[in-house]
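Here is the structure we will look at.
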Amino acid sequence: MADLGDASSANQESEREEGYVAPPPKSLEELMSSEGKEGEDEALQRYKASLLGAAAAGGGMSDDPRRVVVTKLEIVINGRDSISVDMTQQDNLSGNLSIKLKEGCEYKTQISFRVQNELIAGLKYKNKVSRGPLNVLTTDEMLGSFAPDPEKENVAVFPRREWEDAPSGMMARATYNCKTEFIDDDGKTHLAFSYKLVISKDW
1 MADLGDASSA NQESEREEGY VAPPPKSLEE LMSSEGKEGE DEALQRYKAS LLGAAAAGGG
61 MSDDPRRVVV TKLEIVINGR DSISVDMTQQ DNLSGNLSIK LKEGCEYKTQ ISFRVQNELI
121 AGLKYKNKVS RGPLNVLTTD EMLGSFAPDP EKENVAVFPR REWEDAPSGM MARATYNCKT
181 EFIDDDGKTH LAFSYKLVIS KDW
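Mapping to full-length UniProt numbering: the sequence shown position 101 is 101, numbers consecutive.
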């Protein structure tokens, strides 16, 4: 199990392969206009139709110009009720959010989000946990490509299999800064927010 006090090798594993160049981004309009064009086989047409999702049926747009909207941040705790935070409240995105955990508890981070207005290719979740100047944990996960659908809520859980172990011991009781980013395959940051994890002796 991973520990906040251990600097994992995720930094190295998450870097792009040397020499990889992402294809130029295409707007939703460009993808729609090319759907079913001559030369595409049936399998590719089906794939594009599934990827475009609600947009192919005339949906996917929103008056909100954002492309990635986080609706909820949830700390899922093993053997205890989850801590749920409404991320549609602007104050929770401004860096003022603080979440208290008991030392040594097992937990996962669950994020609910929507994609709207444009197709997003190769969306990544990045989260860095630091204590002062020291980076103690980095999570870098590929989420995939998402068609715009403001009515659909996507859920991502980290770690996906095991539990994260909160640090324990007197020296580990402290405030940890967490910075979360959603970045696409072109390196564009669609959303970034920060919050604090406070590790305490008791709940």
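Ideal Cβ placement from N, Cα and C applies to all residues, glycine included. Because the structure is a prediction, the values reported are computed rather than measured.
Using a Cβ distance threshold of 8 Å, residue 128 and residue 135 count as a contacting pair. Between the stretch 146-158 and the stretch 106-116, the count of Cβ pairs shorter than 8 Å is three or higher; the stretches touch. Of the residues 122, 178, 80, the one whose Cα lies closest to the Cα of residue 189 is 122. Scanning the stretch 71-125 from its first residue to its last, the whole beta strand (DSSP E) runs of 3-plus residues come out as 80-86, 98-102, 106-115. Residue 98 sits away from residue 201, with the two beta carbons spaced by 8 Å or more. Measuring C-alpha to C-alpha distances from residue 150 to each of 119, 73, 115 identifies 115 as the nearest. Contact check for residue 167 and residue 199: beta-carbon distance about 6 Å, within the 8 Å limit, so the pair qualifies. A direct Cα-to-Cα measurement between residue 117 and residue 154 gives close to 15 Å. The shortest CA-to-CA distance from residue 132 to any of 89, 179, 165 is the one to 179. Distance from the CA atom of residue 177 to the CA atom of residue 183, rounded to whole angstroms, is 19 Å. By the Cβ-count criterion, residue 192 is exposed, with fewer than 16 other Cβ atoms from all chains shown falling within 10 Å of its own Cβ.
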